[in-house]
Amino acid sequence: MKNIMPPIWFVNNSSYNKIFHNYFNKLSNDDKEEYKKLFEEPVVFKGFYDSYLINDYRTVYCNVKLNQKYSLLKLQKDFNAGKKIDFLFFYGHSNDKKEINKSSLSQWYIKDFRENDLTFNCMEKYMMYNKALLFDDKNIADEILNTNQPKAIKELGRKVKNFDDEVWDKIKYQIVFTGNYYKFSQNTELRNFLLSTKNKVLAEASPYDKVWGIKMKYDDENIKNPFCWKGENLLGFALMQVRDEIKRVYKNYDLIDFNKFINYKDI
């Protein structure tokens, strides 16, 4: 194929959607099939080629059920089996953009990303906004959108009305996976850093968080023994799954000459 145009998930600009729709529909059937193989749709766009392109150019974000790929139980089994495990522990964040490092893995790290027509400045905002929407608390959702400080956003998230632990537990991992996919896929430097961690086990060494982190300090002598972890490390496992998804989706990214599409690429 020549003059390949990027799929919409490589371009952070809604004005590009109609252009891509027209481009794709003019391809021959053989070229369409080749294109779909070259640029597999991300899980957050699942069904895009088969359903949404047939109807119109508007991007429809499908709420696909996501299976959690990594877990503490799986890690413990690998540990027991004697498999070599490389860890990358992270905690806290820095907004010094001179060097992209593991602080970018934090939910509080400041970097804009988008979903539909909304812009989020950090993952904490994305998670708490979706938490408020889940329980139909539109007032808190609006407050969260108008707040940029992660700590204040977290406090607002605690005020969500009609909160139900059971409902939240079923969807929270998917929300964090989805937001982090947008965050890391839309920002080249962040994406490259995440991919540079290769197959390392990512773990949030928060001494306080037993859900998203491991509830252990960096300097704990047993930190590399997952049987000693006091938390589920859901954030670390979600980031590992995001890393796998980006590897799959971006494997042919370099086939596209983005200089031809500079007006549509968000750089």
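Residue numbering for the sequence shown follows this note's numbering, beginning at 5 and increasing consecutively. The C-beta atom is built at its ideal place from N, Cα and C for all residues, glycine as well.
According to DSSP, is residue 66 part of a helix, a strand, or is it coil? Residue placement at residue 66 cannot be trusted, given a pLDDT of 47 that sits under 50; what the coordinates show is reported in the next sentence. Correct three-state label for residue 66: coil.
Which whole-angstrom value describes the C-beta separation of residue 205 and residue 240, a residue pair presumed to lie in contact below a C-beta threshold of 8 Å?
Between residue 205 and residue 240 a beta carbon distance of about 7 Å is seen, short of the 8 Å cut, so the two are scored as contacting.
Inset, instruction - With DSSP as the reference, please indicate the residues paired to residue 123 in a beta bridge. - result: 118
For residue 28, report the span of its beta strand (DSSP E) as first-last. Unbroken run through residue 28 is the alpha helix (DSSP H), 20-29; no beta strand (DSSP E).
Quiz prompt | residue 216 to residue 73 span [Cα, whole Å] | solution = Pairing residue 216 with residue 73, the inter-Cα distance amounts to about 15 Å.
Exercise. In this structure, does DSSP put residue 215 in helix, strand or coil?
Worked result: coil
request  = Mark residue 189 as exposed unless 16 or more other C-beta atoms lie within 10 angstroms of its C-beta, in which case mark it buried.
outcome  = buried
Notebook entry, point to check: Opposite residue 205 in the DSSP bridges: which residues?
Noted result: 91
Would residue 3 be called buried (16 or more neighbouring beta carbons within 10 Å of its own) or exposed?
This structure cannot speak to residue 3, because the chain is shown only from 5 to 271.
Inspect the beta-carbon positions of residue 230 and residue 219 and report whether they are closer than 8 Å. no
* Asked: Among 36, 166 and 48, which has the Cα closest to the Cα of residue 70?
  -> 48
Does the segment 120-133 touch the segment 103-112, meaning 3 or more C-beta pairs lie closer than 8 Å?
yes
request  = Would you mind working out which of 5, 91, 15 and 245 sits nearest residue 119, comparing C-alpha positions?
outcome  = 15
**Request:** In angstroms with no decimal places, state the Cα-to-Cα distance between residue 19 and residue 121.
**Result:** 11 Å
Taking 8 Å as the threshold, find out whether the segment 191-207 comes into contact with the segment 172-182 through three or more Cβ pairs. no
Exercise. So residue 145 is in the alpha helix (DSSP H); what residue range does that whole segment cover?
Worked result: 142-149
Report task. Evaluate the contact criterion for the segment 31-40 versus the segment 136-149: three or more CB pairs, one atom per stretch, below 8 Å. Result -> no
Review point. If you draw a straight line from the alpha carbon of residue 64 to that of residue 133, how long is it in whole angstroms?
Key: Note that residue 64 scores 44 on pLDDT, short of 50, meaning its location in the model is unreliable; the coordinates nonetheless yield the value given after this. Computed Cα separation, rounded: 19 Å.
Proximity below 8 Å, CB of residue 208 to CB of residue 237:
yes
**Asked** Should residue 86 go down as buried or exposed, given a rule of 16 or more other Cβ atoms within 10 Å for buried?
**Response** exposed
Checklist line | Range of the contiguous alpha helix (DSSP H) that encloses residue 245 | finding: 238-253
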